[in-house]
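Visitor:
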Amino acid sequence: MTAPVFRFAPSPNGELHLGHALSALTNQRMANAAGGRLLLRIEDIDVTRCTPEFDAGIFRDLAWLGIDWEEPVRRQSEHFGEYEAALERLRREGLVYPAFMSRGDIRAAIMAFEATGKTWPRDPDGAPLYPGTDKTMSRNERMQRIDAGAPFAWRLDTAGALARLKGRLSWREWADETMPSTTDVAADPLQWGDVVIARREIPTSYHLSVVMDDALQGVSHVVRGRDLYFATSVQRLLQEMLGLPQPSYFHHRLVLGPDGRKLSKSQRDTGLAALREAGETSEGVRRMLGY
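Each residue of the sequence shown is one higher than the one before, counting from 1 in UniProt numbering.
1. Report the CB separation of MET241 from LEU90 in whole angstroms; it is logged as a contact under 8 Å.
2. Taking the straight line between their C-alpha atoms, what separation do you get for PRO189 and ILE45?
3. Name the one or two DSSP bridge partners that PRO203 has.
4. Less than 8 Å between the CB atoms is what I'm expecting for THR204 and TYR83, so what's the real figure, rounded?
5. In the structure shown, what three-state DSSP assignment does PHE8 receive?
6. Please go through the region 27–79 and give each complete beta strand (DSSP E) segment of 3 or more residues, from N-terminal end onward.
7. Around the Cβ of SER209, are there at least 16 other Cβ atoms within 10 angstroms (buried) or fewer (exposed)?
8. Could you compute how far the alpha carbon of ALA115 sits from the alpha carbon of VAL195?
9. Mind reading off the beta-carbon distance from HIS207 to LEU22? Whole number of angstroms is fine, and I expect it under 8 Å.
10. Nearest to GLU173 by CA position, among ARG224, ALA163, GLY218 and ILE197, is which residue?
11. Is it buried or exposed, LEU65, if we count other Cβ atoms within 10 angstroms and call 16 or more buried?
12. Find out if the Cβ-Cβ distance for the pair LEU95, ALA198 is shorter than 8 Å.
13. Suppose contacts are defined by Cβ-Cβ distances below 8 Å. Is SER220 in contact with PRO180 by that definition?
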């Protein structure tokens with residue numbers, strides 16, 4: 001029987017905080033309990049924000065926490081070719097389209113709509129959905145704009161992709177971290193609208209790279225924060241469109257700040273490096289998190 005595969009996948013665009021520590025420790029505990037393997041993946045497709053300093057900090061903080069992982073470590077920035085091949089497949093099948101609207105264009109369209117007294121639909125994170133105006137553009141017009149160097153992003157035709165499914169779209173969610181059983185959760189990618197799948201300068205996005213990485217690394221158990229629960233709908237749709245295997249999921253509790261919101265990398269008082277510099281021990285951090 002193949003051992004289950006877990007992964008912890010931080011981005012080196014800031015310092016790890018208590019929320020990352022909870023996720024890493026949860027992955028390690030569940031992997032150990034299941035007799036599984038734990039992988040470390042560096043999600044560094046955002047080449048403008050990810051830095052060597054933050055990258056080194058990830059390894060330093062995880063070692064301090066006592067997290068063990070298998071080598072080699074996968075770095076997304078070294079695998080753009082694999083993501084581009086997946087993007088090309090989606091293009092060939094007509095599942096993505098070039099979207100040229102700038103953020104200013106989108107804001108103007110939404111303001112004009114809401115000026116009529118109606119409310120513009122928003123995704124689970126509260127961001128307004130993409131208007132989808134570019135869907136009606138002719139192929140010739142699209143090619144002319146691309147050839148002229150117009151900036152654009154590749155967006156998923158979510159409704160078109162869903163129309164190709166033969167059955168119900170769902171995912172398996174573990175009831176808790178002891179993994180006694182899974183429940184079947186209905187996926188609803190339409191609540192995200194036509195999400196960005198890649199950009200002209202970077203042939204991937206979080207959604208595309210994460211499903212490709214999980215498949216290529218044989219990840220069977222995706223354990224991550226509750227803030228990514230709804231994003232699973234989009235990722236399940238991509239897995240179906242690309243013929244990728246479906247892992248099981250567990251979305252653990254979040255560590256919240258004093259304002260009741262999830263922690264961010266800008267909150268240095270919860271950063272692992274800052275806690276260590278202030279004299280906190282790894283055992284103390286584990287106690288804070290209930291470990």
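Here a beta-carbon is modelled for each residue, glycine too, at the ideal position from N, C-alpha and C. Computed from a predicted structure; not experimentally measured.
Guide: Reading it off the structure:
1. By 1-based counting over the sequence shown, the position of residue 241 is 241. By 1-based counting over the sequence shown, the position of residue 90 is 90. Indeed, because the Cβ distance is near 7 Å, the residues count as touching under 8 Å.
2. Residue numbering aside, residue 189 sits at position 189 when the sequence shown is read from its first letter. Residue numbering aside, residue 45 sits at position 45 when the sequence shown is read from its first letter. So the two alpha carbons sit approximately 23 Å from each other.
3. Locating residue 203 in the sequence shown gives position 203, counting from the first residue. The partner list for PRO203 (beta bridge, DSSP) is empty, contrary to what the question assumes.
4. Sequence index remark: in the sequence shown, residue 204 carries index 204 (1-based). Sequence index remark: in the sequence shown, residue 83 carries index 83 (1-based). Confirmed, about 4 Å.
5. Locating residue 8 in the sequence shown gives position 8, where the first residue counts as 1. Reduced to three states, the DSSP call for PHE8 is strand.
6. Counting only runs of 3 or more residues that sit fully inside the region 27–79, the beta strand (DSSP E) segments are 37–42 and 70–75, in chain order.
7. Walking along the sequence shown from the start, residue 209 turns up at place 209. That one is buried.
8. Looking up residue 115 in the sequence shown gives position 115. Looking up residue 195 in the sequence shown gives position 195. So the alpha carbons of these two residues sit roughly 25 Å apart.
9. Against the sequence shown, residue 207 aligns to sequence position 207. Against the sequence shown, residue 22 aligns to sequence position 22. Taking a contact as a CB-CB distance under 8 Å, the pair HIS207 and LEU22 does not count as one, their CB atoms being some 23 Å apart.
10. Your numbering for residue 173 matches position 173 in the sequence shown. The candidate whose alpha carbon is nearest that of GLU173 is ARG224.
11. Indexing the sequence shown from 1 puts residue 65 at position 65. Counting Cβ neighbours within 10 Å, LEU65 comes out buried, since at least 16 surround it.
12. One-based indexing of the sequence shown puts residue 95 at position 95. One-based indexing of the sequence shown puts residue 198 at position 198. No, the pair does not count as a contact, with Cβ atoms beyond the cut-off.
13. Translated into the one-based positions of the sequence shown, residue 220 becomes position 220. Translated into the one-based positions of the sequence shown, residue 180 becomes position 180. The answer is no: Cβ separation not under 8 Å.
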